[in-house]
Amino acid sequence: MEVIHKIGRRKTAVARVYVAPGKGNITINKKDMTSYFTTATLQYKVKQPLVMTNNDSNFDITVNVFGGGITGQAEAVRLAISRAMCELDAENRLILKPEGLLTRDPRMVERKKFGQKKARKKFQFSKR
Numbered sequence: 004m005e006v007i008h009k010i011g012r013r014k015t016a017v018a019r020v021y022v023a024p025g026k027g028n029i030t031i032n033k034k035d036m037t038s039y040f041t042t043a044t045l046q047y048k049v050k051q052p053l054v055m056t057n058n059d060s061n062f063d064i065t066v067n068v069f070g071g072g073i074t075g076q077a078e079a080v081r082l083a084i085s086r087a088m089c090e091l092d093a094e095n096r097l098i099l100k101p102e103g104l105l106t107r108d109p110r111m112v113e114r115k116k117f118g119q120k121k122a123r124k125k126f127q128f129s130k131r
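Going letter by letter, the sequence shown gives residues 4 to 131 in my numbering.
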């Protein structure tokens with residue numbers, strides 16, 4: 004099997020994932036996953052597609068991720084890994100699709116409008 008390359012996005016984060024056969028090591032931006040994503044919740048999000056498809060110790064995964072915050076980055080990595088698992092075996096799609104792991108979350112931050120304080124908040128009107 005050759006290396007599988009997939010891309011995942013969330014908000015402004017973009018993750019490029021390279022999946023190769025190995026022992027289950029996950030490297031993110033040349034760091035170990037536990038040192039890059041320090042909280043257990045983010046580590047769970049990254050490993051979720053691997054655990055659901057019983058591939059958590061079969062592949063070495065290298066990730067390049069940039070943009071956004073750490074939560075958006077973790078969810079971008081999760082989407083890319085999910086896409087790679089589907090390319091490995093079509094059966095994995097039936098497992099990951101009902102959990103929503105193959106859906107690109109389209110929600111983005113709304114831009115600030117001219118003449119307003121924020122995207123929707125207006126300046127206070129005063130009658131003086």
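C-beta: ideal position from N, C-alpha, C; glycine also.
Specify, as a first and last residue, the run of the beta strand (DSSP E) that residue i falls within.
| i | result |
| --- | --- |
| VAL54 | Segment 43 to 55 is the alpha helix (DSSP H) holding VAL54; no beta strand (DSSP E) there. |
| THR30 | 29 to 31 |
| ARG12 | 7 to 13 |
Select from the options the residue whose C-alpha is nearest the C-alpha of residue i.
| i | options | result |
| --- | --- | --- |
| ALA23 | PHE62, ALA16, GLN46 | PHE62 |
| GLU102 | ARG123, HIS8, VAL54, PHE117 | VAL54 |
| GLN76 | ARG107, ARG123, CYS89, ALA122 | ARG107 |
| VAL6 | PHE117, MET88, GLY70 | MET88 |
| GLY25 | ASN58, ALA43, ILE10 | ASN58 |
What number of angstroms, rounded off, separates the C-alpha of residue i from the C-alpha of residue j?
| i | j | result |
| --- | --- | --- |
| THR65 | PHE126 | 47 Å |
| ALA79 | LEU91 | 19 Å |
| GLY72 | ARG19 | 16 Å |
| TYR134 | THR15 | Any property of residue 134 remains undetermined from this structure, which presents the chain solely from 4 to 131. |
| PHE128 | GLN119 | 12 Å |
| ASN28 | SER60 | 8 Å |
I'd like the span of the alpha helix (DSSP H) that includes residue i, first residue to last.
| i | result |
| --- | --- |
| SER38 | 36 to 39 |
In chain order, each beta strand (DSSP E) run of at least 3 residues that lies wholly inside the stretch 59 to 109
62 to 69
Counting Cβ pairs, one atom from each stretch, are 3 or more of them under 8 Å apart for the stretch 112 to 128 and the stretch 23 to 36?
no
Under 8 Å, with one C-beta from each stretch per pair, do the stretch 41 to 55 and the stretch 79 to 87 reach the 3-pair mark?
yes
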